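Take 325 as the starting number for the sequence shown in the numbering used here and just add one per residue. Glycine included, every Cβ here is placed at the ideal spot set by N, Cα and C. Note that the structure is a prediction, hence the values are computed from the model and not measured. Shown next, in C-alpha cells, is the structure this report addresses.
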Amino acid sequence: MFYGFFLDDPQRNVQMVFSNIEMQGHEHGRYLPTIKRNTNTEGRELQRIIELCLPTEGTRSLGFKSYSVNLSQCSPKLLTRFTSLTSLDLHGFTITGEQLGNIFSNCTQLKYVNIKSIHSSTCNISKALEQVVEYDLKKLDLGDESIDDEKFKNIVSKLPHLTELCIQNASKISSQTLISHLPLLTNLKTLTLEHCTNIDNATPSSTATLLLSPSIKQINIRHCLPSQTLLLNQMFSSYNNLKSVVMDGRLMGNTANGLQHLQTCTHLTKLRIDNAFSIPDSSFLKLAANQSIRVLEMEPISSRMYAILFNQTNLCKNLISLKISKANCDLKAIKMIADNCKMLKVLHLGDSLLTNDECVISLLQSCTDLTELSLQRCSITDKSAKILFSSNTLTTLDLTSNKVTDESVALLKFNWTLTDLNISGNDIMNRGMKVMMLENDTLKKLNVAYNKISAKGMRHVFKNMSLTSLTFSSKDSIPNELIQEILEKCSHIQHINVLN
Numbered sequence: 325m326f327y328g329f330f331l332d333d334p335q336r337n338v339q340m341v342f343s344n345i346e347m348q349g350h351e352h353g354r355y356l357p358t359i360k361r362n363t364n365t366e367g368r369e370l371q372r373i374i375e376l377c378l379p380t381e382g383t384r385s386l387g388f389k390s391y392s393v394n395l396s397q398c399s400p401k402l403l404t405r406f407t408s409l410t411s412l413d414l415h416g417f418t419i420t421g422e423q424l425g426n427i428f429s430n431c432t433q434l435k436y437v438n439i440k441s442i443h444s445s446t447c448n449i450s451k452a453l454e455q456v457v458e459y460d461l462k463k464l465d466l467g468d469e470s471i472d473d474e475k476f477k478n479i480v481s482k483l484p485h486l487t488e489l490c491i492q493n494a495s496k497i498s499s500q501t502l503i504s505h506l507p508l509l510t511n512l513k514t515l516t517l518e519h520c521t522n523i524d525n526a527t528p529s530s531t532a533t534l535l536l537s538p539s540i541k542q543i544n545i546r547h548c549l550p551s552q553t554l555l556l557n558q559m560f561s562s563y564n565n566l567k568s569v570v571m572d573g574r575l576m577g578n579t580a581n582g583l584q585h586l587q588t589c590t591h592l593t594k595l596r597i598d599n600a601f602s603i604p605d606s607s608f609l610k611l612a613a614n615q616s617i618r619v620l621e622m623e624p625i626s627s628r629m630y631a632i633l634f635n636q637t638n639l640c641k642n643l644i645s646l647k648i649s650k651a652n653c654d655l656k657a658i659k660m661i662a663d664n665c666k667m668l669k670v671l672h673l674g675d676s677l678l679t680n681d682e683c684v685i686s687l688l689q690s691c692t693d694l695t696e697l698s699l700q701r702c703s704i705t706d707k708s709a710k711i712l713f714s715s716n717t718l719t720t721l722d723l724t725s726n727k728v729t730d731e732s733v734a735l736l737k738f739n740w741t742l743t744d745l746n747i748s749g750n751d752i753m754n755r756g757m758k759v760m761m762l763e764n765d766t767l768k769k770l771n772v773a774y775n776k777i778s779a780k781g782m783r784h785v786f787k788n789m790s791l792t793s794l795t796f797s798s799k800d801s802i803p804n805e806l807i808q809e810i811l812e813k814c815s816h817i818q819h820i821n822v823l824n
C-alpha cells in the first residue's frame, strides 16, 4: 500500500505516475501525493492527480511541496469534497481566494494548515481566512504581507484551539497586536516567528511579554529579534518553563552575556542554534553548563567552540542527541565527545572531517548506546564503513556523499540491526545493491540515489519484501519502464521517492 509519492520530474514520468495512481489509488484509499520543487504542474494535471489518487472518503492528508504549483485552473470547489481532510499543506501555491475560502469553510476537520508563501497576487489570504469557521484547528503556518492587525485579530478570535502557530513575513501586524492577542490563545504551546520586521521595532520588555504566554513550551525565533541583548536576558530569566528553543546565533554576536540566563531554564531539554559560530565564548560556556539539555543542535560549529564544549568534563554530560557540523574531528576530539556524552543515542557530524578510521572505532566503542549516526560528507571510506556496518547497536545510519563502495556494503549481509540506511551519493554498484536487497533482512528504509546502480541492480528490489521506503534517482540510468514496474509490483513499499 502506497502512502506517499515524491516526484521531481513530472514531465518525464507524469503518465507513468498517473496510470499507477489510477490502478492503486482507489484500491488502497489513502495517499499523500507530494510534487517536489522545480515543477511546472498546471491545475488540470493536479486535478487529475487528486481525482485519481484521493478517494472522497478516508483521505486525511494532502500536501504539495512546491513553489511553482498552479492550482488556479482547477475548479474552486475541487478540494472541498475531501471533508475528512485533517492536514493540508499549500506552501508556495498559486491559488485563488475563492478556492482557499471554500477549503476553510468546508473542510471542518482540519487540524493543520500551511499557507506560507502562497502567491498574494492571485489570492487574498486575509479575505479567504474570513471563511474560517470556529473548528478545532490545531496548527497554522501563516505568512502573508496582506494580513494586518484587524485581520490577525479576526484569525485569533476564530481559532481558539491553536497549539502551534508560525508567523512569517507578517510585516503589517504590529508588535502591540501580537502582544495583546497571542495570550488569548491559551492552548498555544509552540510559537515560531520568522522575518517579522515589526518585532524588531518593539521594546525588549514588550517583546518578552509576547513570548511569555504561560502555555508556551517551545519558541522558534529566526531573523526577527532586535539586536538588544536585554530581550534575551529578560525572556530567559523571566520564563524558565521553556522546553525547546530555536534561535540564530548571529543575534548574539555583539554580547558576552546573551545566553547566561539559559542556565535558569531548568526545564529546557532541546536547544538548536543556527550559525552557532557567532556566539561569544563566554555565552557559549554558560549555555553548555545547562545540565537539563538533552538535545543540542549547533550548525555550523567552529573548532574553537568545539574545544570549549568538550574540554570540560562537566558540560553536556546528559545529552542523548547531539547534532553539530563542520567540526573537524581528530581522535582526541572524538574521545572528548565519547568521554563527556556517554548517554548519546543520536549523533550527527555533518561536513566534519574524520581524520582517521580510529575515530569511528573510538566512537562506537565508547558510545555504547548510540543507535543513530549521521556522517554526511565526512570523507568516510570503505575501511570506516566496514566498522560501521559491523555495528550491532546502530539502527539508523546516514553516509550521504562519502566514498563507500560495494566492498564494505558486502558486510551488510551480516548486519541484523540496521533498519534505516542512507547511502546516496557514493560509489555503490549492482553488486552492492544485490547484497542490500537479497542478503539483508532488516533494512526498512533505503536511499541509494546518485550511485552507480543500473537497471539490472535495481531489479533486485522485486525480491526484497522487507523494504517500506525506497529512494532512488531517475538519473541513475534507470528507465521509466522499470520505475513504473517497481511502483506497480512493489506494493509493500509504502513510500517511493523518485529524485531528479
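Residue i to residue j span [Cα, whole Å]
{"i": "T420", "j": "A651", "result": "47 Å"}
{"i": "L697", "j": "A709", "result": "12 Å"}
{"i": "I810", "j": "K641", "result": "46 Å"}
{"i": "K567", "j": "H672", "result": "21 Å"}
{"i": "D605", "j": "T729", "result": "41 Å"}
{"i": "H591", "j": "K541", "result": "9 Å"}
{"i": "F601", "j": "A657", "result": "17 Å"}
{"i": "K482", "j": "C490", "result": "16 Å"}
{"i": "L767", "j": "L412", "result": "31 Å"}
{"i": "R755", "j": "G781", "result": "7 Å"}
{"i": "E731", "j": "N680", "result": "19 Å"}
{"i": "W740", "j": "L677", "result": "28 Å"}
{"i": "N544", "j": "A613", "result": "21 Å"}
{"i": "S392", "j": "L414", "result": "Summary for S392: the model assigns pLDDT 44, below 50, so the residue's position carries little reliability; its value from the coordinates is reported in the next sentence. Looking at the two C-alpha atoms, the distance is approximately 11 Å."}
{"i": "A662", "j": "S429", "result": "54 Å"}
{"i": "Y436", "j": "A734", "result": "44 Å"}
{"i": "L506", "j": "D460", "result": "17 Å"}
{"i": "C589", "j": "M660", "result": "26 Å"}
{"i": "V480", "j": "S498", "result": "14 Å"}
{"i": "N764", "j": "L718", "result": "15 Å"}
{"i": "G573", "j": "I597", "result": "6 Å"}
{"i": "D472", "j": "M622", "result": "35 Å"}
{"i": "Q818", "j": "C431", "result": "26 Å"}
{"i": "Q615", "j": "S725", "result": "34 Å"}
Beta-carbon gap between residue i and residue j smaller than 8 Å
{"i": "L668", "j": "L688", "result": "no"}
{"i": "S748", "j": "A773", "result": "yes"}
{"i": "M753", "j": "H784", "result": "no"}
{"i": "P484", "j": "L509", "result": "yes"}
{"i": "K666", "j": "C691", "result": "yes"}
{"i": "Q492", "j": "H519", "result": "yes"}
{"i": "S649", "j": "G674", "result": "yes"}
{"i": "D744", "j": "K776", "result": "no"}
{"i": "L791", "j": "L770", "result": "yes"}
{"i": "L512", "j": "S539", "result": "yes"}
{"i": "I611", "j": "L643", "result": "First, the residue type needs correcting, since residue 611 is Leu and not Ile in the sequence shown. Cβ distance not < 8 Å, so L611 and L643 don't count as in contact."}
{"i": "S801", "j": "S778", "result": "yes"}
{"i": "R618", "j": "K594", "result": "yes"}
Environment of residue i [buried if 16+ CB atoms lie within 10 Å]
{"i": "F786", "result": "exposed"}
{"i": "D465", "result": "buried"}
{"i": "M571", "result": "buried"}
{"i": "R789", "result": "Checking the displayed sequence, the identity of residue 789 turns out to be Met instead of Arg. The residue is exposed, with fewer than 16 neighbouring Cβ atoms inside 10 Å."}
{"i": "C377", "result": "In this prediction, C377 scores a pLDDT of 46, lower than 50, which makes its location untrustworthy; no coordinate-derived value is stated."}
{"i": "F738", "result": "exposed"}
{"i": "N716", "result": "exposed"}
{"i": "E474", "result": "exposed"}
{"i": "E805", "result": "exposed"}
{"i": "S703", "result": "exposed"}
{"i": "D706", "result": "buried"}
{"i": "S815", "result": "exposed"}
{"i": "E812", "result": "exposed"}
{"i": "K758", "result": "buried"}
{"i": "N438", "result": "buried"}
{"i": "P426", "result": "The displayed chain sequence assigns Asn, not Pro, to residue 426. Its Cβ being crowded by 16 or more others within 10 Å, N426 is buried."}
{"i": "N565", "result": "exposed"}
Beta-carbon separation (whole angstroms), residue i vs residue j, contact threshold 8 Å
{"i": "L721", "j": "L742", "result": "6 Å"}
{"i": "K462", "j": "E422", "result": "K462 to E422, Cβ: 25 Å. No contact."}
{"i": "L839", "j": "S686", "result": "With the chain represented from 325 up to 824, any question about residue 839 goes unanswered, as that position is not in the structure."}
Min CB distance residue i to chain C below 8 Å
{"i": "C814", "result": "Of the chains in the structure shown, none is chain C; there is only one protein chain."}
Unbroken stretches of the alpha helix (DSSP H), 4 residues or longer, contained in the segment 738-773 | Restricted to the segment 738-773, the alpha helix (DSSP H) segments that are unbroken, complete and at least 4 residues in length are 754-762, listed in chain order.
Enumerated in chain order, which unbroken segments of the alpha helix (DSSP H) with a length of 4 residues or greater are wholly contained in the segment 694-736?
-> Fully enclosed alpha helix (DSSP H) runs of 4 or longer: 706-713 and 730-733.
Can you give, in chain order, each stretch of the alpha helix (DSSP H) that sits fully within the segment 660-695 and has at least 4 residues?
-> List check, alpha helix (DSSP H) in window: 682-690.
Please specify which runs of the alpha helix (DSSP H), each continuous and at least 4 residues long, are wholly inside the segment 460-500, giving them in chain order.
-> Counting only runs of 4 or more, we get 473-482.
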